[in-house]
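> In our numbering, the protein residues as written are 1 to 432. Handing you this structure, nothing more for now.
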Ligand SMILES: [Zn+2]
C-alpha cells in the first residue's frame with residue numbers, strides 16, 4: 001500500500017500540495033474563527049496564497065494561540081464532533097482537540113500508511129502497549145490504523161509485563177507498538193521469569209515517545225541496549241496530536257517519511273524564515289484535510305533536519321530526521337548549538353553514573369552555561385576527566401560537572417509529587 005504521490009518527482013509533490021493548500025485555505029477562511037480574524041488583521045487575501053513559498057506571508061500559529069483561543073480553532077458545530085482529545089498546554093490548562101467522523105477516517109488512513117512504511121501488512125498482528133483512552137490520540141490512531149490495514153491487534157495497554165507476556169504467548173503477535181524503554185522492562189521480566197523472549201513470535205516494534213536515533217541516524221543508547229539483548233527491528237515514529245499525522249521510518253532507518261496528502265511541513269529559523277536543507281529548523285506544519293481543528297503554519301517547537309534525496313525504499317518524499325530537541329531548550333554553548341537530548345545520550349551511555357540532571361543558567365557575561373549534577377558512587381578526578389573527555393569527543397565542548405549524593409540528585413529529579421523526572425532545569429534569564 002503506497003500512494004503513487006510518494007514516488008513522484010519533488011516538483012509533482014509540490015504542485016500536488018499547493019492544490020491541497022488552496023482547499024485548506026478556503027476551508028479556514030470559511031469556517032475558522034481564529035484564522036478569519038488572523039487573515040483580517042494582517043489583510044491577507046487567501047486567494048493570493050498560491051505556492052508553498054507564499055505561506056511565509058501568513059504569521060505562524062503558536063502553542064500559546066491554541067491555548068488562549070482554543071474554541072476559535074474548532075471549525076465544526078458541536079454535533080459534528082465525535083471524539084474529544086486533549087494535549088497539555090503551555091499555560092497549565094489542557095488544549096482540546098475535536099475530531100469529526102472524517103477526521104477519524106483521515107487518522108486511520110494516516111496510521112495505516114505509517115504501518116505500511118514500517119513493513120506492515122494484513123499479515124501482521126500488533127500488540128498495542130500504549131493507552132487507548134485517557135483522552136489521548138495515539139492509542140486510538142493505532143487501533144484505527146491497524147484495522148484499516150487489515151492487520152490484527154491486541155489492546156493490552158501500557159505497563160503490566162505479566163499480561164503483556166501472557167498475550168504474546170496466547171496470541172503470537174509479531175509486532176509491538178510501544179515506548180521503547182518498555183521493551184527493556186519486558187526483557188527484564190522475561191529474564192526473571194524464565195521466558196525465552198528471543199524465541200517468541202515478536203519480530204519488530206513500532207516505537208513512540210523516545211528517540212531511537214541520534215541526529216546522525218546512529219542508534220541512541222536506549223535502542224542499542226534493546227538491540228544488544230533482542231534482535232528485533234525497531235521503527236522510529238514522530239507524531240503529535242496537533243499534526244494528526246505520523247512520520248515513520250522505513251527499513252532504511254534514515255528519517256520519518258512525509259505523506260504529502262496529509263500535511264505541509266516547513267522548517268523555520270529563529271526569525272520564522274525557512275532554513276536550508278542542511279540546517280536544523282523548527283518543524284512548522286499545516287494540516288491538510290482536517291475538518292475539526294485544522295492548523296495553519298503551527299510551530300511545533302521541535303527542531304529537526306530534513307532530507308529530500310530519494311530513499312532506498314523507492315519513496316521520493318521528504319524525510320524528517322530525529323528530533324534534536326525542543327526549540328525553547330536550545331543551548332548556545334562556547335560557539336556550539338546543543339540540545340539536552342544530545343547530553344542525555346552521552347550521560348546514559350556511561351557506566352558509574354547513577355543519575356543526573358542538567359542545569360543551564362546565564363553567566364556573568366550573559367551567555368549560556370551548562371552545569372551537570374551527577375550522582376555517582378565513583379567520585380574521583382579521573383572519573384570527572386573521563387566524563388569531560390567523552391563530552392569533548394562527542395560534542396567538541398565539555399560542560400561543568402558537579403558530583404552530588406545520589407539521593408540528592410534523586411530529590412531534584414522528582415520534586416514533591418512529580419511523576420515526570422525533571423532532567424532539564426532552565427535557570428536562564430528570559431526562559432521559562
Ligand atoms: Zn524509505
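For every residue, glycine included, the Cβ atom is placed at its ideal position computed from N, Cα and C.
Once DSSP output is grouped into helix, strand and coil, what is the label at residue 283?
Three-state result, residue 283: strand.
> Between the region 258–271 and the region 4–23, can you find at least three pairs of beta-carbon atoms closer than 8 Å?
Touching, per the Cβ criterion.
> At what residue ranges does the region 283–349 contain a whole run of the beta strand (DSSP E), taking only runs of 3 or more?
Those beta strand (DSSP E) runs which fall completely within the region 283–349 and span 3+ residues are 298–304, 331–333 and 336–338.
> Taking 7 Å as the line, does the beta carbon of residue 315 fall inside it for any heavy atom of ligand 1?
Under cutoff, so the answer is yes.
> Please name the residue or residues paired with residue 375 in a DSSP beta bridge.
Paired residues: 355 and 404.
> Considering just the uninterrupted stretch of the beta strand (DSSP E) at residue 83, what are its terminal residues?
Note, residue 83: beta strand (DSSP E), 81–87.
> Determine the burial state of residue 373: buried for a count of at least 16 other Cβ atoms within 10 Å of its Cβ, exposed for fewer.
Counting Cβ neighbours within 10 Å, residue 373 comes out buried, since at least 16 surround it.
> Is it buried or exposed, residue 97, if we count other Cβ atoms within 10 angstroms and call 16 or more buried?
Buried.
> Would residue 337 be called buried (16 or more neighbouring beta carbons within 10 Å of its own) or exposed?
Exposed, because fewer than 16 other Cβ atoms sit within 10 Å of the Cβ of residue 337.
> Does ligand 1 have even one heavy atom less than 7 Å from the beta-carbon of residue 257?
Yes, the Cβ of residue 257 comes within 7 Å of a heavy atom of ligand 1.
> Which runs of the beta strand (DSSP E) fall wholly inside the region 122–185 and span at least 3 residues, in chain order?
Fully enclosed beta strand (DSSP E) runs of 3 or longer: 125–128, 152–155 and 175–178.
> Are the beta-carbon atoms belonging to residue 206 and residue 168 less than 8 Å from one another?
Their beta carbons are not under 8 Å apart, which means residue 206 does not touch residue 168 by this criterion.
> Looking at the structure shown, is residue 204 part of a helix, part of a strand, or coil, going by DSSP?
In the structure shown, residue 204 sits in a strand (DSSP, three-state: E or B).
> Given a threshold of 16 other Cβ atoms within 10 Å of its Cβ, counted over all protein chains shown, does residue 160 qualify as buried or as exposed?
Looking at its Cβ environment, which holds fewer than 16 other Cβ atoms inside 10 Å, residue 160 is exposed.
> Could you check where the beta strand (DSSP E) with residue 275 kicks off and where it finishes?
Counting along the chain, residue 275 falls outside any beta strand (DSSP E), and DSSP gives it neither H nor E.
> With distance defined between alpha-carbon atoms, name the residue in 409, 429 and 63 nearest to residue 421.
Nearest option by C-alpha distance: 409.
> Could you pull the start and end residues of the beta strand (DSSP E) that residue 33 belongs to?
Where residue 33 is concerned, there is no enclosing beta strand (DSSP E), although the alpha helix (DSSP H) it sits in stretches over 33–41.
> Near residue 106, what residues of its chain come up, given a Cβ to Cβ distance below 6 Å and the 5 sequence neighbours on each side ignored?
Excluding positions up to five away in sequence, the list reads 289.
> Does the structure place the region 345–354 close enough to the region 324–335 that three or more beta carbon pairs sit under 8 Å?
As far as the Cβ criterion goes, the region 324–335 does not touch the region 345–354, which means the pair count is below three.
> Given a cut-off of 8 Å, decide if residue 340 and residue 211 are closer than it, judged by their beta-carbon atoms.
Contact flag unset, no.
> Cβ of residue 250 within 7 Å of any heavy atom in ligand 1?
Flag set: Cβ of residue 250 near ligand 1.
> First and last residue of the beta strand (DSSP E) that includes residue 425?
Start and end: 424–427.
> For residue 37, count the other beta carbons within 10 Å of its own beta carbon; 16 or more makes it buried, fewer makes it exposed. Which is it?
Its Cβ having fewer than 16 others within 10 Å, residue 37 is exposed.
> Compute the Euclidean distance between the alpha carbons of residue 223 and residue 50, then round it to the nearest angstrom.
Distance between the alpha carbons of residue 223 and residue 50: 43 Å.
> Tell me the DSSP secondary structure of residue 384 in three-state form.
Residue 384 falls in the helix class under three-state DSSP.
> For the candidate residues 92, 151 and 84, whose alpha-carbon lies nearest to that of residue 135?
Closest option to residue 135, Cα to Cα, is 84.
> Going straight from the alpha carbon of residue 120 to that of residue 271, what length do you get?
Computed Cα separation, rounded: 40 Å.
> Which residue comes first and which comes last in the alpha helix (DSSP H) that contains residue 197?
Unbroken run through residue 197: none, as it is neither H nor E.
> Where do the ends of the alpha helix (DSSP H) carrying residue 221 lie?
221–229 is the span of the alpha helix (DSSP H), which, as asked, contains residue 221.
> What do you reckon, are the CB atoms on residue 154 and residue 183 nearer than 8 Å?
It is not a contact, given that the beta carbons lie outside the stated cut-off.
> Grouping DSSP H, G and I as helix and E and B as strand, with all else coil, what is residue 390?
Reduced to three states, the DSSP call for residue 390 is helix.
> Smallest Cα separation from residue 245: which of 401, 218, 198 and 114?
Among 401, 218, 198 and 114, the Cα nearest to that of residue 245 is on 114.
> Would you call the CB atoms of residue 292 and residue 99 closer than 8 Å?
Their beta carbons are under 8 Å apart, which means residue 292 touches residue 99 by this criterion.
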